[in-house]
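Colleague: Can you keep this structure in mind? I'll have questions shortly.
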Amino acid sequence: MAPPLDLSSPAARREALRMVDVDDPGPRHAMLREIFDLERTWREGPDPGENDEYEQIYLAAFLLFLIGDPADSPRLYGAKFRTGDMDLGIGFDAQAIFGAGTGETLRWLLANGYTDEHAHLSEWLSQGADPTIEDWATHVRRYFYSANGALRLDPL
1 MAPPLDLSSP
11 AARREALRMV
21 DVDDPGPRHA
31 MLREIFDLER
41 TWREGPDPGE
51 NDEYEQIYLA
61 AFLLFLIGDP
71 ADSPRLYGAK
81 FRTGDMDLGI
91 GFDAQAIFGA
101 GTGETLRWLL
111 ANGYTDEHAH
121 LSEWLSQGAD
131 PTIEDWATHV
141 RRYFYSANGA
151 LRLDPL
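Here this note's numbering is used: the first residue of the sequence shown is 1, the next is one more, and so on.
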């Protein structure tokens, strides 16, 4: 059995994100959830960071989006709409919440007691001012990954 990954620092989390295959992130689902949660805690904490660590939560969110598990939607929703970090609240794209698709995500939220989130996201979707979820996903993939699937983020 392999030793557990060190996810204790932004640099260690960045290296762990490098191990995720963008074309098949599912095998790293639990690790991505942990990284996402650690990145959110770090973002909302007192450490202002020194480099480009700020992008890691967005990358982890994108990979969770690709996995498409609606059970991740409350975690992603919280980062966008329940954060104390102004940059995260503004910069986190709500499209990331809908990896399972809009209908499936909304049904899951409602079936699991997330009525406020369901109502808010239904309203957000009805506004339609942001890029479509498909266009957003294409853009984010191109931003973070080269055409051959290599992560574009430099080591910290």
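Just so you know, even glycine gets a beta-carbon here, dropped at the ideal spot from N, CA and C.
In this structure, how does DSSP classify L151 when only helix, strand and coil are distinguished?
Modeller: Residue mapping note: residue 151 aligns to position 151 of the sequence shown, counting from 1. DSSP places L151 in strand when its eight states are reduced to three.
Colleague: In terms of alpha-carbon separation, which member of G149, S73 and L63 lies closest to L121?
Modeller: Along the sequence shown, read from residue 1 onward, the residue named residue 121 stands at position 121. Nearest of G149, S73 and L63 to L121, Cα basis: S73.
Colleague: Considering only DSSP beta bridges, list what Y145 is partnered with.
Modeller: Numbered from 1 along the sequence shown, position 145 holds the residue referred to as residue 145. In DSSP, Y145 forms a bridge with L151.
Colleague: Should the stretch 76-91 be regarded as contacting the stretch 51-64, the criterion being three or more beta carbon pairs within less than 8 Å?
Modeller: Verdict: yes, contact present.
Colleague: Can you give me the C-alpha to C-alpha distance between M19 and S146, rounded to a whole angstrom?
Modeller: As a first step, residue 19 must be located in the sequence shown, where it is residue number 19. As a first step, residue 146 must be located in the sequence shown, where it is residue number 146. Whole-angstrom Cα-Cα distance: 15 Å.
Colleague: Should E44 go down as buried or exposed, given a rule of 16 or more other Cβ atoms within 10 Å for buried?
Modeller: By one-based count along the sequence shown, residue 44 stands at place 44. Exposed is the call here.
Colleague: In three-state terms, what does DSSP make of L7?
Modeller: Here residue 7 is taken as the residue at index 7 of the sequence shown, counted from 1. Residue state, collapsed to three classes: coil.
Colleague: Taking only the alpha-carbon atoms, compute the straight-line gap between L32 and N148 and give it to the nearest angstrom.
Modeller: One-based indexing of the sequence shown puts residue 32 at position 32. One-based indexing of the sequence shown puts residue 148 at position 148. One C-alpha to the other measures close to 21 Å.
Colleague: Compute the Euclidean distance between the alpha carbons of H118 and Q95, then round it to the nearest angstrom.
Modeller: Locating residue 118 in the sequence shown gives position 118, counting from the first residue. Locating residue 95 in the sequence shown gives position 95, counting from the first residue. If I take the Cα positions, the gap works out to 14 Å.
Colleague: Give the straight-line distance between the Cα atoms of P10 and F92, rounded to the nearest whole angstrom.
Modeller: Locating residue 10 in the sequence shown gives position 10, where the first residue counts as 1. Locating residue 92 in the sequence shown gives position 92, where the first residue counts as 1. One C-alpha to the other measures close to 18 Å.
Colleague: Could you tell me the boundaries of the alpha helix (DSSP H) in which R107 lies?
Modeller: Residue mapping note: residue 107 aligns to position 107 of the sequence shown, counting from 1. Segment T102 to A111, the alpha helix (DSSP H) holding R107.
Colleague: Pick out the complete alpha helix (DSSP H) segments inside the stretch 51-88, 4 residues or longer, and give them in chain order.
Modeller: Taking only runs of at least 4 residues, the alpha helix (DSSP H) segments lying wholly in the stretch 51-88 are 56-67 and 73-81.
Colleague: Determine the direct distance from the alpha carbon of I97 to that of S126, and round the result to whole angstroms.
Modeller: Taking the sequence shown and counting its residues from 1, the one referred to as residue 126 is at position 126. Taking the sequence shown and counting its residues from 1, the one referred to as residue 97 is at position 97. Distance between the alpha carbons of S126 and I97: 15 Å.
Colleague: Exposed or buried, what is G239 when buried is set at 16 or more other beta-carbons lying within 10 Å of its beta-carbon?
Modeller: What the structure shows of the chain is the stretch from 1 to 156, and residue 239 is not part of that stretch, so it cannot be assessed.
Colleague: Distance check for R14 and S8, CA to CA, integer angstroms please.
Modeller: On the sequence shown, position 8 is the one that residue 8 refers to. On the sequence shown, position 14 is the one that residue 14 refers to. When rounded, the distance between both Cα atoms is 11 Å.
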